[in-house]
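Following the numbering used here, the numbering of the sequence shown begins with 15 at its first residue and continues without gaps.
A quick write-up on the structure given underneath.
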Amino acid sequence: MGNGTSTPPEATVYGLYQCRGDLKTTDCSRCIESAVNQISLVCPYTYGASLQLEGCYVRYEHIDFLGKLDTSIWYKKCSKSVNNDVEFFKRRDDVLADLQTAVSFKVSSSGFVEGFAQCLGDLTPADCTTCLAEAIAKLKNLCGSAPAADVFLAQCYARYWASGYYDLTDSSHDDQVGKTVAIIVGVVAGLAILIVFLSICRRAMER
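Shown next as structure tokens:
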């Protein structure tokens, strides 16, 4: 995770980048480079923008957002629901309960259900716990019996999936509170991947 500001104060810009915790350094660098290139194309001429790819996240703003807890939901994606499966729900809940204890990046599994969660590195451990608790609650409430789901809040995210359901291609997704969702096919470390996802642009006000 990295962050920084520009000067002078009247023209300060705050920025942050972070990679998924299991990425190698070289893959992280490629992902960040890709994100920076894409954010200038998707959100040109803006005072602030965020771009979340499958492996990394980039954000800049003209206001100081660093270290300030924000649990607003930016994006969710749920696979098609299946019939109630007591064993699945038990294992899913075990995974989500374990993920809620993360203080940065964490991977968890229980039988045929896996998941991972991560907070932005500028959050305190207490704020990370709060953010993940909110993310996990939304996964359960908004995605119901879906065997795979993602939820991205402003400063953390959580994902779980049952075996065979990691790809959410056939799932439903919501563009929350007027945000713009971008799904792009890209290449990271030589592997074609599905780059999920959202780009949030705040257009510069007309003078």
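Backbone N, C-alpha and C define an ideal beta-carbon position, used for all residues, glycine too.
Distance CB(residue i)-CB(residue j) smaller than 9 Å
i    : j    : result
A149 : T85  : yes
A147 : W88  : no
S289 : E128 : Any answer about residue 289 is impossible in this case: the structure gives the chain only from 15 up to 221.
L110 : A172 : yes
A116 : C92  : no
Cβ neighbours of residue i in the same chain (closer than 6 Å, five flanking residues each side left out)
i    : result
L230 : Residue 230 cannot be examined here, being either before or after the span of the chain that is shown, 15 to 221.
D108 : S124
D164 : K91 and R173
Contact set for residue i: own chain, Cβ-Cβ below 8 Å, skip 5 residues either direction
i   : result
L80 : N17, Y28, L30 and D136
Residue i versus residue j - alpha carbon distance
i    : j    : result
F119 : D112 : 12 Å
C4   : L65  : It is not possible to answer for residue 4, since the shown part of the chain is limited to 15 through 221.
R44  : C142 : 26 Å
T26  : Y59  : 16 Å
P139 : Q114 : 11 Å
A151 : W175 : 16 Å
Y179 : K94  : 10 Å
T100 : F166 : Per the sequence shown, residue 100 should be read as Val rather than Thr. Going by the C-alpha atoms only, they are around 26 Å apart.
Assumed close pair residue i, residue j - CB separation to whole angstroms, cut-off 8 Å
i    : j    : result
V72  : V56  : Their Cβ separation, rounded to whole angstroms, is 11 Å, which puts V72 and V56 out of contact at 8 Å.
R105 : G69  : The pair is not a contact, with the Cβ atoms about 26 Å apart (cut-off 8 Å).
L83  : C145 : 7 Å
Minimum Cβ-Cβ distance from residue i to chain B less than 9 Å
i    : result
P139 : Among the protein chains of the structure shown there is no chain B, as only one such chain exists.
Query raised in the report: What are the start and end residues of each continuous beta strand (DSSP E) run of 3 or more residues lying completely inside the region 81 to 149, in chain order?
Result: 87 to 92, 119 to 124 and 127 to 133
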